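Trainee: Protein chains in written order, with the numbering used here: chain A, 1 to 306; chain B, 1001 to 1363; chain C, 2001 to 2360. Pasting in a structure now, in structure tokens, and then I'll have a few things to ask.
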Amino acid sequence: MDLSAINPILFIAGFFVAATPLIFAAVGELVVEKTGVLNLGVEGMMIIGAICGFATAVETGSPLLGFAAAAVGGAVLSLLFAFLTQVMLANQVASGLALTLFGLGFSALLGQSYVGVKPPRLADVDFGSLAEIPIFGPIILSHDLIVYLGLALVVAVWAVLKYTRIGLVLRAVGENHDAAHALGYKVVRIRTLAIMFGGACAGVGGAYISLIRVPQWTEGMTAGIGWIALALVVFASWKPFRLLLGAYLFGGLVQLQLNLQGAGVAIPVEYLAMSPYVITIVVLVFLSRDKGAAPASLGRIFHASS
Amino acid sequence: MKFTKRQAAKLLASAAFAASFAAPAFAQDDKTKIGFVYVGPVGDGGWTYEHNKGRLAVEEHFGDSVETVFVESVAEGPDSERVMTQMALDGADLIFTTSFGYMDPTINVAAKFPNVKFEHATGYKRADNVSTYSARFYEGRAIQGHIAGKMTKSNTVGYIGSYPIPEVIRGINSAFIHARKSNPDVQFKIVWAYTWFDPAKEADAAKVLIEQGADVILQHTDSTAPQAAAQEAGNVVTFGQASDMSQYAPFPRVSSIIDDWAPYYIARVQAVKDGTWTSTDTWDGIGAGMVGIGEISDAVPAEVKAEALALKASLADGSYHAFTGPLNKQDGSEFLAAGATADDGTLAGMNFYVEGIEGEIPQ
Amino acid sequence: MIALEKRPEPSRTFSLAAPLLAVLATMLFGGLLFALLGKDPLEAIRTIFWEPLFGEFAFFYRPQLLIKGAPLVLIAIGLSLGFKAGIWNIGAEGQYIMGALFGAGVGLAFYPMESVFIFPLMVLAGAFGGWIWAMIPAVLKVKFGTNEILVSLMLVYVAEQFLASMSLGLMKNPEGFGFPGSRNLQQYASAHNAELITGSGMHWGVVAAFIAVIFGYVLLARHRLGFAIRVTGDAPRAAAFSGVNPARLVLFCLGMSGLLAGLAGVFEVSGPAGQVTIDFNVGYGFTAIIVAFLGRLNPVGILLAGGLMALTYIGGDIAQSKLGLPAAAIQVFQGMLLFFLLAFDLFTNYRLRLGRTEVA
Chain A
1 MDLSAINPIL
11 FIAGFFVAAT
21 PLIFAAVGEL
31 VVEKTGVLNL
41 GVEGMMIIGA
51 ICGFATAVET
61 GSPLLGFAAA
71 AVGGAVLSLL
81 FAFLTQVMLA
91 NQVASGLALT
101 LFGLGFSALL
111 GQSYVGVKPP
121 RLADVDFGSL
131 AEIPIFGPII
141 LSHDLIVYLG
151 LALVVAVWAV
161 LKYTRIGLVL
171 RAVGENHDAA
181 HALGYKVVRI
191 RTLAIMFGGA
201 CAGVGGAYIS
211 LIRVPQWTEG
221 MTAGIGWIAL
231 ALVVFASWKP
241 FRLLLGAYLF
251 GGLVQLQLNL
261 QGAGVAIPVE
271 YLAMSPYVIT
281 IVVLVFLSRD
291 KGAAPASLGR
301 IFHASS
Chain B
1001 MKFTKRQAAK
1011 LLASAAFAAS
1021 FAAPAFAQDD
1031 KTKIGFVYVG
1041 PVGDGGWTYE
1051 HNKGRLAVEE
1061 HFGDSVETVF
1071 VESVAEGPDS
1081 ERVMTQMALD
1091 GADLIFTTSF
1101 GYMDPTINVA
1111 AKFPNVKFEH
1121 ATGYKRADNV
1131 STYSARFYEG
1141 RAIQGHIAGK
1151 MTKSNTVGYI
1161 GSYPIPEVIR
1171 GINSAFIHAR
1181 KSNPDVQFKI
1191 VWAYTWFDPA
1201 KEADAAKVLI
1211 EQGADVILQH
1221 TDSTAPQAAA
1231 QEAGNVVTFG
1241 QASDMSQYAP
1251 FPRVSSIIDD
1261 WAPYYIARVQ
1271 AVKDGTWTST
1281 DTWDGIGAGM
1291 VGIGEISDAV
1301 PAEVKAEALA
1311 LKASLADGSY
1321 HAFTGPLNKQ
1331 DGSEFLAAGA
1341 TADDGTLAGM
1351 NFYVEGIEGE
1361 IPQ
Chain C
2001 MIALEKRPEP
2011 SRTFSLAAPL
2021 LAVLATMLFG
2031 GLLFALLGKD
2041 PLEAIRTIFW
2051 EPLFGEFAFF
2061 YRPQLLIKGA
2071 PLVLIAIGLS
2081 LGFKAGIWNI
2091 GAEGQYIMGA
2101 LFGAGVGLAF
2111 YPMESVFIFP
2121 LMVLAGAFGG
2131 WIWAMIPAVL
2141 KVKFGTNEIL
2151 VSLMLVYVAE
2161 QFLASMSLGL
2171 MKNPEGFGFP
2181 GSRNLQQYAS
2191 AHNAELITGS
2201 GMHWGVVAAF
2211 IAVIFGYVLL
2221 ARHRLGFAIR
2231 VTGDAPRAAA
2241 FSGVNPARLV
2251 LFCLGMSGLL
2261 AGLAGVFEVS
2271 GPAGQVTIDF
2281 NVGYGFTAII
2291 VAFLGRLNPV
2301 GILLAGGLMA
2311 LTYIGGDIAQ
2321 SKLGLPAAAI
2331 QVFQGMLLFF
2341 LLAFDLFTNY
2351 RLRLGRTEVA
């Protein structure tokens, strides 16, 4: 056992990369849930984003265009969910699960000719001499653009939800859709837009896996990250900054268990591998004193004339 | 009354079963029909992808005289049993079941269809109409280990394992033995991912190993995630796994182990066509072409490359065995006396590290 | 302008017609997809829906429908109780795994002793395993108000790691040459959940699924507890006034769904699957959620929905091997089927009306 083998700076810097797909997917879902809609199709939207982004980046040679395409792909798929739940008033839990099934299958069909292809790489942002600041530089200023976009997105979502009229409307719709409707807000339209935003974010998160984190295309490559993103939203009790914290905790625990293994700590691996989930449950118990965080209309079906 | 009725129904059912199970096997046409059962999607870029390449090679080799069918992403257990039965009912003459977990289902189905031949990959149960086949990937690991020992400057080699099963442990031992031979100071850092398939986790594992000082990464998982992590780090050497991964050549990927099932599949189909098929236990390595060694790139110094190729040649012609004594187990007890080589039974069930590897196999 | 109007009562006609319409629509769009992939659409659809039921080898596929559908129905019945009351157990997959581990553990512990008591003991242990795993989110919810969706989902991942640990360690077959996976319970007579009639597909798990359907029906339609469940789901406040104890309801609903999922696990591991392996679980716990909703949380509906899902799985595999359709196309097809079923369900409770109305 040799704990000194773990380099704390690189260890912490690794959190950012591991957490980014989670952050995108979860922050998108957070907005969706704020409007009272529960979309369990995150995994499906992520993997569609992963292939749309991958294919576009390979064809155009531009990773950034790839990310844009991923956002579009995720949003388009989410429209299917929006149609089902907002227009056809279908159950959201079942529709979300169906969306995941559909997304996993459809992405595999789209990606048939991209197996074994290497995508163009997105360069890290060049901070010049700033990046040489000890500790801070290698931890914070050593990443690609999308990592910073993810952080910015969290701040933006927080600010919009808290300080703007849009945020107020979103929350109003999520808390009591009938009252919001009575006030003249177009509940269905607002929710549909939120769902598309969630889809776009999930798409970008998925593309981060296929274009940067891994990077390659294989079927089913999101391997459950979408589900963890869903868990994160609840874990964060719908608060953007807590979500950020949760994403690092989650990404960090996986890193930690791999690091401990590398350092030769003799703990049964399967128990280390389950630790992130167990710890999440424990943290959750402590956080659950915070009542009333959930949007009151979450998962309920809205119909104007009812 | 009830009792007799049920009994009658039971009798009827079993009679119908026996009759219709036996029938399709006789209904042979000129085309040889071959079924493949895959555990993953053909687009996994690794294990299943390579088996499917073998299937395509069969089609190409035999042209119109064969018909191949496959079902992908078949869960081990009852689903696989159903899929195999269905293929047999539909008149398959030969069925390849390409995952260890298909072992008992293959045996079960084979018992019901004595006229259909089965080939089960990586298992140990056989029957009159069930053969087993597997590849001596550890021979390829020996070559990787040799190159790894020579290429590492930090004397730390990282190894990403999937699950601690004999197949993986054998590979680690083989790589380690030969890394030590080429560099007595080398140490292995082993990280278990505890998943067959999670590219993001593989990327994490590779990064962790690199951060902890490994400058050579060996992987027993199939995604290119470790390759990309190494490329980003800049000075880390990797080897392709399952497929060539030549998109990362010449550096970081300096060589690779390629699963090449095509020669075996073609030979077995030919045997069925000729009527010479018998139940066998095949464990082929570099010599028979089942384990391919991807081109060793110019990033490897010429003399190391020459040594590696010599090692490959000696493994291929059988003049050298990758597990040749004197070798001790991790606890210091004797594993192989000087000059002795490990028998296949020991290798198949290998569940210990050889001397020198630090850490324990997770239990 | 077309507007939706809520029906005063759910339409009986449409509750029957909607699924049929959905299947037709899926055939149409699925056929289009198959045609795009260069396959004969009619042949593909015939293979998926007709072949398993009435094709040449239906004698084999019909029993397979029972084997594939039983765990789905058994789990979905349990889940539907909670879903009706607004209690969301989405961790049935984990409870299914734990049921299998507990049950198989008992069976393996007795090996090689033969006794008629072993299998019943395994069943009890399996039910207990699933139940206790579901009691974790239940107790945390009751005691601390912790969200059960999240806890039950997290516990799926924990259970999967337990499963890996058991297959590689404690339950590993000592005669398996070091390979992962337990002894095959199919080869251990006292622990084998064999077919009751050879070739019929009927094993104890199928029997349990049918009993669960009846039990669910009686509970919801006749029993006080069923009333409490329905009231809590429709109007939680009214439920509290009418004397429903929400904590007890949470414990009951989660416990029951865990118990049934655990039973599904133990019947599967001792029967069709035979052994504990790393990849023992194949997603029944998640698919059952869909089945529960497709069946409109109604026991009889769930039975039909479970059968339909099983049909698309089995037919899908046949289409793969016979027609060379990729597995992904089958997945998309299943996704479409779910979409259409969910969408057309609208017309059960609403009707379209032409004319001017307020814009929603």
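Think of the CB as a built atom: it goes at the ideal place given N, C-alpha and C, for glycine as much as any other residue. Keep in mind the model is a prediction, meaning the values are calculated, not measured.
(1) What runs of the beta strand (DSSP E), each 3 residues or longer, lie entirely inside the region 1290 to 1341 of chain B?
(2) Per DSSP, which residues does Val1037/B bridge with? Please list them.
(3) For Tyr114/A, count neighbouring Cβ atoms within 10 angstroms of its own Cβ and tell me buried if that reaches 16, exposed if not.
(4) For Phe54/A and chain C, any beta-carbon pair shorter than 8 Å?
(5) State the beta-bridge partners of Trp1192/B as determined by DSSP.
(6) Using a Cβ-Cβ cutoff of less than 7 Å, which residues in the same chain neighbour Ile1107/B once the five nearest sequence positions on both sides are dropped?
(7) State the DSSP-derived secondary structure class of Arg1136/B, mapped to helix, strand or coil.
(8) On the CB-based measure, 16 or more other CB atoms within 10 Å of its CB, does Thr1221/B come out buried or exposed?
(9) Along chain A, which residues have their Cβ under 7 Å away from the Cβ of Met2154/C?
(10) Please report the straight-line C-alpha distance between Val2151/C and Val233/A, rounded to a whole angstrom.
(11) Determine which residues share a DSSP beta bridge with Arg1253/B and list them.
(12) Would Thr2232/C count as contacting chain B if we go by Cβ distances under 8 Å?
(13) Nearest-angstrom Cα distance between Ser1333/B and Leu2124/C?
(14) For Phe1026/B, count the other beta carbons within 10 Å of its own beta carbon; 16 or more makes it buried, fewer makes it exposed. Which is it?
(15) Which chain A residues sit within Cβ distance under 8 Å of Gln1247/B?
(16) Work out the CA separation of Thr1341/B and Ala1310/B for me, nearest whole Å.
(17) Would you call the CB atoms of Val2269/C and Phe2252/C closer than 8 Å?
(18) What's the C-alpha gap between Phe203/A and Val1083/B?
(19) Taking the alpha-carbon positions, what's the Lys1002/B to Tyr2061/C distance?
(20) Tell me the DSSP bridge mates of Val1354/B?
(21) What are the boundary residues of the alpha helix (DSSP H) that includes Lys1125/B?
(22) Between which two residues does the beta strand (DSSP E) containing Val125/A stretch?
(23) State the DSSP-derived secondary structure class of Phe302/A, mapped to helix, strand or coil.
(24) Please name the residue, chosen from Leu2260/C, Thr2047/C, Leu2079/C, that lies closest to Gly2099/C on a Cα-to-Cα basis.
(25) Under 8 Å between C-beta atoms, does Met270/A make it to chain C?
(26) Since Thr20/A and Val147/A are thought to touch, with beta carbons under 8 Å apart, how far apart are those beta carbons, to the nearest angstrom?
(27) In three-state DSSP terms, what is Arg2351/C?
(28) With distances taken Cα to Cα, identify the nearest neighbour of Asp1093/B among Asp1281/B, Val1291/B, Ile1296/B, Gly1275/B.
(29) From Gly1318/B, Ser1099/B, Asn1235/B, pick the residue whose C-alpha is nearest to that of Lys1153/B; which is it?
(30) For His177/A, would you say it is in contact with chain C, using Cβ-to-Cβ distances shorter than 8 Å as the test?
(31) If you drop the 5 nearest sequence neighbours on each side, which residues of the same chain put their C-beta closer than 8 Å to that of Ser1174/B?
(32) For the region 191 to 223 of chain A, which residues have a beta carbon sitting closer than 9 Å to at least one beta carbon of chain B?
(33) Between the region 45 to 52 of chain A and the region 270 to 279 of chain A, do at least 3 Cβ pairs fall closer than 8 Å?
(34) By the 10 Å Cβ neighbour count, where 16 or more other Cβ atoms means buried, how is Asn39/A classified, buried or exposed?
(35) For chain B, check one thing: does any of its Cβ atoms lie closer than 8 Å to the Cβ of Phe2179/C?
(36) Measure the C-alpha to C-alpha separation of Pro2063/C and Pro2052/C and round it to an integer number of angstroms.
Mentor: Taking the structure as given:
(1) Fully enclosed beta strand (DSSP E) runs of no fewer than 3 residues occupy 1291 to 1294, 1334 to 1336 of the region 1290 to 1341 of chain B, in order along the chain.
(2) Note: Val1037/B sits in a beta bridge opposite Val1071/B, Thr1097/B.
(3) Around the Cβ of Tyr114/A, a 10 Å sphere holds 16 or more other Cβ atoms; the residue is buried.
(4) For Phe54/A, not one C-beta of chain C is nearer than 8 Å to its own C-beta.
(5) In the DSSP output, where bridge partners are listed per residue, Trp1192/B has Gly1161/B.
(6) Counting only residues of its own chain and dropping the five nearest sequence neighbours on each side, Ile1107/B has a CB closer than 7 Å to the CB of Lys1125, Ala1127, Val1130.
(7) In the structure shown, Arg1136/B falls within a coil segment according to DSSP collapsed to helix, strand and coil.
(8) Under the 10 Å beta carbon count, Thr1221/B is surrounded by 16 or more other beta carbons and is classified as buried.
(9) Ala231, Tyr277, Thr280, Ile281, listed in chain order.
(10) For Val2151/C and Val233/A, the gap between their C-alpha atoms comes out near 13 Å.
(11) Thr1238/B.
(12) With 8 Å as the cut-off, Thr2232/C does not count as an interface residue toward chain B.
(13) Ser1333/B and Leu2124/C have their alpha carbons spaced roughly 45 Å apart.
(14) Low confidence applies to Phe1026/B: its pLDDT is 44, below 50, so where it sits in the model is not reliable enough to give any reading.
(15) Simply Gly116, Val117, Lys118.
(16) Going from the Cα of Ala1310/B to the Cα of Thr1341/B covers about 19 Å.
(17) By the CB criterion at 8 Å, Val2269/C and Phe2252/C fall outside the cutoff.
(18) With the sequence shown as reference, residue 203/A is identified as Gly, and Phe is not the correct amino acid for it. The alpha-carbon atoms of Gly203/A and Val1083/B are separated by roughly 34 Å.
(19) Residue placement at Lys1002/B cannot be trusted, given a pLDDT of 36 that sits under 50; what the coordinates show is reported in the next sentence. Distance from the CA of Lys1002/B to the CA of Tyr2061/C, rounded to the nearest whole angstrom, comes to 26 Å.
(20) Val1354/B is bridged to Lys1329/B.
(21) Premise fails: Lys1125/B is in no alpha helix (DSSP H) and is neither H nor E.
(22) Where Val125/A is concerned, there is no enclosing beta strand (DSSP E), given that its DSSP letter is neither H nor E.
(23) Coil, per DSSP.
(24) Of the listed residues, the one whose Cα sits closest to Gly2099/C is Leu2260/C.
(25) One point to set straight first is that residue 270/A is Glu, not Met, in the sequence displayed. Answer yes: the Cβ-Cβ gap between Glu270/A and chain C drops below 8 Å somewhere.
(26) Right, the Cβ-Cβ distance comes to about 5 Å (below 8 Å), so this counts as a contact.
(27) Arg2351/C: strand per DSSP, three-state reduction.
(28) Nearest of Asp1281/B, Val1291/B, Ile1296/B, Gly1275/B to Asp1093/B, Cα basis: Gly1275/B.
(29) When only C-alpha atoms are compared, the closest one is Asn1235/B.
(30) It does not; no Cβ of chain C falls within 8 Å.
(31) Within the same chain, and ignoring the five residues on either side of Ser1174/B in sequence, the residues whose Cβ sits closer than 8 Å to its Cβ are Tyr1138, Glu1139, Arg1141, Ala1142, Gly1145, Ala1322, Phe1323.
(32) Those would be Ile209, Ser210, Ile212, Arg213, Val214, Pro215, Gln216, Trp217, Thr218, Glu219, Gly220, Met221, Thr222, Ala223, in chain order.
(33) With a cut-off of 8 Å, the region 270 to 279 of chain A and the region 45 to 52 of chain A do not count as touching, because too few Cβ pairs lie within range.
(34) The residue in question, Asn39/A, is buried, as its Cβ has 16 or more Cβ neighbours within 10 Å.
(35) By this cut-off, Phe2179/C is an interface position.
(36) For Pro2063/C and Pro2052/C, the distance between alpha carbons rounds to 10 Å.
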